[in-house]
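**Student:** From first to last, the protein sequence lines stand for chains A and B.
Numbering of the first sequence is given in the working numbering, commencing with residue 205 and proceeding in unit increments.
Numbering of the second sequence is given in the working numbering, commencing with residue 205 and proceeding in unit increments.
Backbone N, C-alpha and C define an ideal beta-carbon position, used for all residues, glycine too.
Number of protein chains: 2
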Amino acid sequence: MSARATTRPGGRSARVQQSVHQAVRDLEAEVGRDALTVPLIAARAGVTPSTVYRRWGDLRELLSDVAVERLRPDGAPTDHGSLRADLEAWAVQFAEEMSSTAGRTYIRDALLGDPEHGNAVRCSDYAAEQLKAIGVRAAGRGEAVPDVESLLDAVVAPLMYRILFRPSDLTAAYTDRLVATALGRSSTPFA
Amino acid sequence: MSARATTRPGGRSARVQQSVHQAVRDLEAEVGRDALTVPLIAARAGVTPSTVYRRWGDLRELLSDVAVERLRPDGAPTDHGSLRADLEAWAVQFAEEMSSTAGRTYIRDALLGDPEHGNAVRCSDYAAEQLKAIGVRAAGRGEAVPDVESLLDAVVAPLMYRILFRPSDLTAAYTDRLVATALGRSSTPFA
DNA sequence: AGCTTAATGCGAAGAAAATGCGTCTGGGCC
DNA sequence: GGCCCAGACGCATTTTCTTCGCATTAAGCT
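Okay, here's the thing in structure tokens:
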């Protein structure tokens, strides 16, 4: 039924899922995203198309799953010694990754999946986790930390809005200004 | 080539475009958006599928065009006597329209079109125009007005981010808080 | 080990996507 | 006003995708 909530996590089902995901990534690099089709992916993965249709429903859901995995952060945000420096560095990196052609494609694919499936909210959760980690670290230094929701509103949302709706203007100066705005207001001790 | 930049605005081409758009709207209401196909739409519009493929390229572009038209604001924002009241009313209405199931579908469809086609940026322009109108009116009253970019960052972007990535929590209290935040800072005399 | 259940493979049928070619409409020009 | 050309359209065809039923295989459990 669901690709992620596989009732049988081990064994063949897991191998099939991994194989199909890998096939998507490989073919995406080889023939381009727009040339992807279910039969093509299935052939590369060594499964039959009907298996893909059964497990993911359609190509969109499959691409949505793969895109979300690609958007998962690699590790904890790097430590730059202060809340502001950490946020600026993270925001700049976030903007760069997401505004690239590949990044925007992943975001759009992730958004395309069934909303009930939760792929979109997962993207937001990734950013929230990173911001939370930065906040916890800053709180450990004794700094006042704005809560995650405020940071999502003040930093992540404007970046994402421009990436999705106005694909052009995104400079480091702009992200720094967003961080400055976020830090200039609404700083609760810790959340 | 492009559906909107039709080289022949008058005559049959215009009728075809109108007929196809109307067919999309009708069928969307009748059979649901996910059941739409090019042959189905073409049959309803009284044209052949190849015409649709030639003019729009694929179903996504067509749906993107129709979605953008549906997202076009009806008229000027209503006047509530003050900048804050105007913004709050507009933001609440914006949030309600966009967060509905239909609204979210239109946004996603609009985002899906070819970025070069400019459907996404058109959505942003619609919001910017409305905000600009509110700002001009407020400036006429002598109020200090934040520039449109700030309002996009502080109000529109957070709303859109939540609509797209966290489809659940959107209250009037939240939109009011966004407006309050936007008005509390960065108020240039006029732009 | 044997049993139950679920997931996969396979093949066929139905539907949709995409393309090539001939025709016709519409707008510009004489 | 009539002619001409570029572009748009309809039709037919081919290719590809999608769905479905049934047989088979593998995983999980006792």
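Can you tell me whether A:Glu320 is buried or exposed? The criterion is at least 16 other CB atoms within 10 Å of its CB, across all chains shown.
**Tutor:** Within the first sequence, residue 320 of chain A is the residue found at index 116, counting from 1. Result: exposed.
**Student:** Quick one: using the 10 Å Cβ neighbour count with 16 as the cut-off for buried, is A:Pro350 buried or exposed?
**Tutor:** Along the first sequence, one-based indexing puts residue 350 of chain A at 146. So A:Pro350 ends up on the buried side.
**Student:** I need the DSSP call for A:Arg349, collapsed to helix, strand or coil.
**Tutor:** Reading the first sequence from its first residue, position 145 is the one you call residue 349 of chain A. According to the sequence displayed, residue 349 of chain A carries Val and not Arg. In the structure shown, A:Val349 sits in coil (DSSP, three-state: anything other than H, G, I, E or B).
**Student:** If you reduce the DSSP assignment to three classes, tell me which class A:Gly215 lands in.
**Tutor:** Numbered from 1 along the first sequence, position 11 holds the residue referred to as residue 215 of chain A. A:Gly215: coil per DSSP, three-state reduction.
**Student:** Please return the same chain residues whose Cβ sits closer than 6 Å to the Cβ of B:Tyr310, not counting the five positions on each side in sequence.
**Tutor:** Start at 1 with the first residue of the second sequence, and residue 310 of chain B comes out as number 106. Result list for B:Tyr310: Ala271, Arg274 and Leu275, in chain order.
**Student:** Report the three-state DSSP secondary structure of B:Ser223 (helix, strand or coil).
**Tutor:** Taking the first residue of the second sequence as 1, we reach residue 223 of chain B at position 19. In the structure shown, B:Ser223 sits in a helix (DSSP, three-state: H, G or I).
**Student:** Specify the secondary structure class of A:Ser459 as computed by DSSP and reduced to three states.
**Tutor:** Since the first residue shown for chain A is 205 and the last is 395, residue 459 of chain A is missing from the structure and cannot be characterised.
**Student:** Between which two residues does the alpha helix (DSSP H) containing A:Thr375 stretch?
**Tutor:** Taking the first sequence and counting its residues from 1, the one referred to as residue 375 of chain A is at position 171. Looking at the DSSP string, A:Thr375 is not in any alpha helix (DSSP H), and its letter there is neither H nor E.
**Student:** At least one CB of chain B closer than 9 Å to the CB of A:Thr379: is that the case?
**Tutor:** Position 175 of the first sequence, counted from the start, is the residue given in the question as residue 379 of chain A. No - not a single Cβ of chain B is within 9 Å of the one on A:Thr379.
**Student:** Please confirm whether B:Leu382 and B:Ala348 have their CB atoms less than 9 Å apart.
**Tutor:** Within the second sequence, residue 382 of chain B is the residue found at index 178, counting from 1. Within the second sequence, residue 348 of chain B is the residue found at index 144, counting from 1. Their beta carbons are not under 9 Å apart, which means B:Leu382 does not touch B:Ala348 by this criterion.
**Student:** Where does the unbroken alpha helix (DSSP H) through B:Ala280 begin, and where does it stop?
**Tutor:** As a position in the second sequence, residue 280 of chain B is number 76, starting the count at 1. Counting along the chain, B:Ala280 falls outside any alpha helix (DSSP H), and DSSP gives it neither H nor E.
**Student:** Does the beta-carbon of B:Val360 have 16 or more other beta-carbons within 10 angstroms, so that it is buried, or is it exposed?
**Tutor:** Counted from its first residue, the second sequence places residue 360 of chain B at position 156. Counting Cβ neighbours within 10 Å, B:Val360 comes out buried, since at least 16 surround it.
**Student:** For A:Pro362, which residues from the same chain have a beta carbon less than 6 Å from its beta carbon, with the 5 sequence-adjacent residues on both sides left out?
**Tutor:** Along the first sequence, one-based indexing puts residue 362 of chain A at 158. Here the set comprises Leu382.
**Student:** Within the 9 Å Cβ cut-off, does B:Pro371 reach chain A?
**Tutor:** Taking the first residue of the second sequence as 1, we reach residue 371 of chain B at position 167. It does: the Cβ of B:Pro371 has a partner Cβ on chain A nearer than 9 Å.
**Student:** By the three-class DSSP mapping on this structure, what secondary structure does A:Ser268 have?
**Tutor:** Residue 268 of chain A sits at position 64 when you count from the first residue of the first sequence. If DSSP states are grouped into helix, strand and coil, A:Ser268 belongs with the helices.
**Student:** Contact criterion: CB-CB distance below 9 Å. Does B:Arg312 meet it with respect to chain A?
**Tutor:** Within the second sequence, residue 312 of chain B is the residue found at index 108, counting from 1. With 9 Å as the cut-off, B:Arg312 counts as an interface residue toward chain A.
**Student:** Do B:Gly317 and B:Glu265 have their CB atoms nearer than 9 Å?
**Tutor:** Position 113 of the second sequence, counted from the start, is the residue given in the question as residue 317 of chain B. Position 61 of the second sequence, counted from the start, is the residue given in the question as residue 265 of chain B. The answer is yes: Cβ separation under 9 Å.
**Student:** Tell me the rounded alpha-carbon separation between B:Thr210 and B:Ala218.
**Tutor:** Locating residue 210 of chain B in the second sequence gives position 6, counting from the first residue. Locating residue 218 of chain B in the second sequence gives position 14, counting from the first residue. Here B:Thr210 scores only 43 on pLDDT, less than 50, and its place in the model should not be relied on; the value that follows carries that caveat. Computed Cα separation, rounded: 8 Å.
**Student:** For the alpha helix (DSSP H) containing A:Val242, list its first residue and its last residue.
**Tutor:** Here residue 242 of chain A corresponds to residue number 38 of the first sequence, with the count starting at 1. Looking at the DSSP string, the run of the alpha helix (DSSP H) that includes A:Val242 is Val242 to Ala249.
**Student:** Does any residue of chain B have a CB that is nearer than 9 Å to the CB of A:Val383?
**Tutor:** Along the first sequence, read from residue 1 onward, the residue named residue 383 of chain A stands at position 179. No, because no Cβ of chain B sits closer than 9 Å to the Cβ of A:Val383.
**Student:** Using beta-carbon positions only, say whether A:Ala227 and A:Asp290 come within less than 9 Å of one another.
**Tutor:** Here the question's residue 227 of chain A lines up with position 23 in the first sequence. Here the question's residue 290 of chain A lines up with position 86 in the first sequence. No; because the gap between Cβ atoms is not below 9 Å, this pair is not in contact.
**Student:** For the alpha helix (DSSP H) containing B:Gly307, name the first residue and the last one.
**Tutor:** The residue you call residue 307 of chain B lines up with position 103 of the second sequence. Residues Thr305 to Leu316.
**Student:** State yes or no: is the beta carbon of B:Met205 nearer than 9 Å to at least one beta carbon in chain A?
**Tutor:** One-based indexing of the second sequence puts residue 205 of chain B at position 1. Here B:Met205 scores only 37 on pLDDT, less than 50, and its place in the model is too uncertain to base an answer on.
**Student:** What are the boundary residues of the alpha helix (DSSP H) that includes A:Thr255?
**Tutor:** Along the first sequence, read from residue 1 onward, the residue named residue 255 of chain A stands at position 51. Here the alpha helix (DSSP H) through A:Thr255 covers Pro253 to Trp260.
**Student:** Give the interface partners of A:Leu315 over in chain B, defined as CB-CB distance under 8 Å, in chain order.
**Tutor:** On the first sequence, residue 315 of chain A is found 111 positions in, with the first residue counted as 1. Result: Arg312, Leu315, Leu368 and Phe369.
**Student:** Quick check: the stretch 367 to 377 of chain A against the stretch 294 to 303 of chain A, are at least 3 beta-carbon pairs closer than 8 Å?
**Tutor:** With a cut-off of 8 Å, the stretch 367 to 377 of chain A and the stretch 294 to 303 of chain A count as touching, because enough Cβ pairs lie within range.
**Student:** A:Leu263: which of A:Leu240, A:Gly285 and A:Pro277 sits nearest, CA to CA?
**Tutor:** Against the first sequence, residue 263 of chain A aligns to sequence position 59. If we check each option's Cα against that of A:Leu263, A:Leu240 comes out closest.
**Student:** Mark A:Thr379 as exposed unless 16 or more other C-beta atoms lie within 10 angstroms of its C-beta, in which case mark it buried.
**Tutor:** The sequence position of residue 379 of chain A within the first sequence is 175, counting from 1. Looking at its Cβ environment, which holds 16 or more other Cβ atoms inside 10 Å, A:Thr379 is buried.
**Student:** Distance check for A:Arg259 and A:Leu267, CA to CA, integer angstroms please.
**Tutor:** Here residue 267 of chain A is taken as the residue at index 63 of the first sequence, counted from 1. Here residue 259 of chain A is taken as the residue at index 55 of the first sequence, counted from 1. C-alpha separation (whole angstroms): 13 Å.
**Student:** Can you tell me whether A:Pro393 is helix, strand or coil according to DSSP?
**Tutor:** For the purposes of this step, residue 393 of chain A is taken as the residue at position 189 of the first sequence. A caution first: A:Pro393 carries a pLDDT of 41, below 50, which makes its placement in the model too unreliable to give a value.
**Student:** Please confirm whether any heavy atom of the ligand FMN lies closer than 8 Å to the CB of A:Leu266.
**Tutor:** What this structure holds is no ligand at all, so the ligand FMN is not there to describe.
**Student:** Near A:Lys336, which residues of its chain fall below 6 Å by C-beta distance, leaving aside the five closest residues on each side in sequence?
**Tutor:** Mapped onto the first sequence, residue 336 of chain A falls at position 132. The residues are Val352.
**Student:** Please classify B:Val256 as buried or exposed, where buried requires at least 16 neighbouring CB atoms within 10 angstroms.
**Tutor:** Locating residue 256 of chain B in the second sequence gives position 52, counting from the first residue. When all chains shown are included, B:Val256 counts as buried.
**Student:** Return yes when the Cβ of A:Ser223 is within less than 9 Å of the Cβ of A:Val251, no when it is not.
**Tutor:** For this step, residue 251 of chain A is matched to residue 47 along the first sequence. For this step, residue 223 of chain A is matched to residue 19 along the first sequence. Yes; because the gap between Cβ atoms is below 9 Å, this pair is in contact.
**Student:** So which residues of chain B does A:Val352 contact, with C-beta pairs closer than 8 Å?
**Tutor:** One-based indexing of the first sequence puts residue 352 of chain A at position 148. Going along chain B, no residue has its Cβ under 8 Å from A:Val352, so there is no contact; the nearest lies around 12 Å.
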